[in-house]
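In my numbering, the protein residues as written are 407 to 769.
Here a beta-carbon is modelled for each residue, glycine too, at the ideal position from N, C-alpha and C.
Take a look at the structure set out below.
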């Protein structure tokens, strides 16, 4: 069935300017804007940052080690000057802790020669005597960073690995977005895209116009560039490709169709735990908990099809009870698609009917 024959995935209070001319469908507009948002909103970089964490850690560890060593050596140089002021042996002074306080004092803006009140010839690097102690320390610090060939080579090597890996991952994500953009009107992909509604992105952004973004593209792709949201993808079978997104959407849609059938025939056998709620505006919320712990969440507006909102893995029955109770109490967790305060249980699996078909007063 073509996109034009499907009910729109979202109900808009007014048409976006892009649709007022009559060109395109709501789904096409939503997909186009979401792909643009993912590309321009930093998704490729966020994803690459996450997936080069090991390389970044290796580079950071070496850089920190080199900086610490260079700092230690530079501080030793300043302590040597402090030892001259105290007229003590530097090694003895360090051992007795006599140089730390004076060294800290010396890190002000006082010139080396002025502070020591000694002829420049008595100061190490006499040609630098007019400089401040802090500048003197910095010279030695930078020298310690740059004058160790082995250390510099290792730092350069890890920096190169990080840069090249980050660029490669970024390019792969940009290629994925290119493929989505190229195939976004293909019937098979359109069918998968049309199974979803709209939602905020992983950062909670819904756009200046408050329409949000395509939930499927956000929850399957863009979420994988968020440190917390990406954790769920450790527990699902599909990888981040266009083909796998299509499979993912189809797989979830099978359970959605079964849940819709429960409204017409409650005797249907199902392994899923299902709760369906409706508010006074006839908006509906679907919760579908599979035996493997995957929780499918859907939303339906009057006169429209049931649309996927998200899927969360590793959920137990207690959590399903919690969010179902919240719907009845007027606290649906939805953001762009949200039930009103007077929701009632209208159907579900046998186990859930036994719990929620009892008379209950909404808060």
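With contacts defined as CB atoms closer than 7 Å, residue 708 and residue 688 qualify as a contacting pair.
Under the three-state reduction of DSSP, residue 627 is assigned to coil, being neither helix nor strand. Distance between residue 487 and residue 573, taken at the CA atoms: about 46 Å. The three-state reading of DSSP puts residue 700 in coil, since its state is none of H, G, I, E or B. Taken in chain order, the complete beta strand (DSSP E) segments of 3 residues or longer contained in the stretch 710-737 are 713-718. A Cβ-Cβ separation of about 14 Å leaves residue 740 out of contact with residue 682 under the 8 Å criterion. Inter-segment contact for the stretch 601-610 and the stretch 582-591 is absent: fewer than three beta-carbon pairs are separated by less than 8 Å. Taking all protein chains in view, the Cβ of residue 539 is crowded by 16 or more other Cβ atoms within 10 Å, so the residue is classified as buried. Taken through DSSP and simplified to helix, strand or coil, residue 695 comes out as strand.
About 5 Å separates the beta carbon of residue 579 from that of residue 453, a gap short enough to meet the 8 Å contact definition. Ranked by Cα distance from residue 720, the first of 477, 702, 710 and 712 is 702. For residue 706, the closest of 722, 542, 735 and 666 by C-alpha to C-alpha distance is 666. The straight-line gap separating the alpha-carbon atoms of residue 437 and residue 659 is approximately 19 Å. Per DSSP, the continuous beta strand (DSSP E) segment holding residue 679 begins and ends at 679-684. Secondary structure of residue 457 (DSSP, three-state): coil.
The beta carbons of residue 755 and residue 679 sit about 5 Å from each other, so the pair counts as a contact at 8 Å. Using a Cβ-Cβ distance cut-off of 8 Å, the stretch 645-652 and the stretch 720-738 are not in contact, since fewer than three pairs of beta carbons, one from each stretch, lie closer than that value. Judged by their CB atoms, residue 742 and residue 608 are not nearer to each other than the 7 Å cut-off. Here the C-alpha atom of residue 672 lies approximately 11 Å from the C-alpha atom of residue 758. Going by DSSP, residue 751 is part of the beta strand (DSSP E) stretching over 750-754. Taking each of 484, 722 and 575 in turn and checking the Cα distance to residue 544, the smallest one comes out for 484. If you draw a straight line from the Cα of residue 632 to the Cα of residue 492, it comes to about 56 Å. The Cβ atoms of residue 479 and residue 550 lie closer than 7 Å to each other. Annotation: the stretch 602-662 contains the following complete segments of the alpha helix (DSSP H) (minimum length 4 residues), in chain order: 621-626. Cβ-Cβ distances below 6 Å link residue 677 to 697 in the same chain, with the five nearest sequence neighbours on each side left out; the list follows chain order.
In the same chain as residue 668, and ignoring 5 residues on each side of it, the C-beta atoms closer than 8 Å to its own belong to 674, 676, 680, 682, 753, 754 and 755, in chain order. Residue 448 and residue 442 have their C-alpha atoms roughly 10 Å apart. Residue 706 is bridged by DSSP to 690. In the structure shown, the three-state DSSP call for residue 431 is coil. Residue 562 has its alpha-carbon roughly 13 Å from the corresponding atom of residue 462. Here the alpha carbon of residue 559 sits roughly 26 Å from the alpha carbon of residue 541. Less than 7 Å divides the Cβ of residue 458 from the Cβ of residue 571. In terms of CA proximity to residue 455, 636 leads the group 737, 636, 738 and 654. For the options 629, 577, 714 and 655, the alpha carbon positioned closest to that of residue 594 is the one of 655. Going by beta carbons, residue 628 and residue 444 fall inside the 7 Å limit. If you draw a straight line from the Cα of residue 735 to the Cα of residue 640, it comes to about 33 Å.
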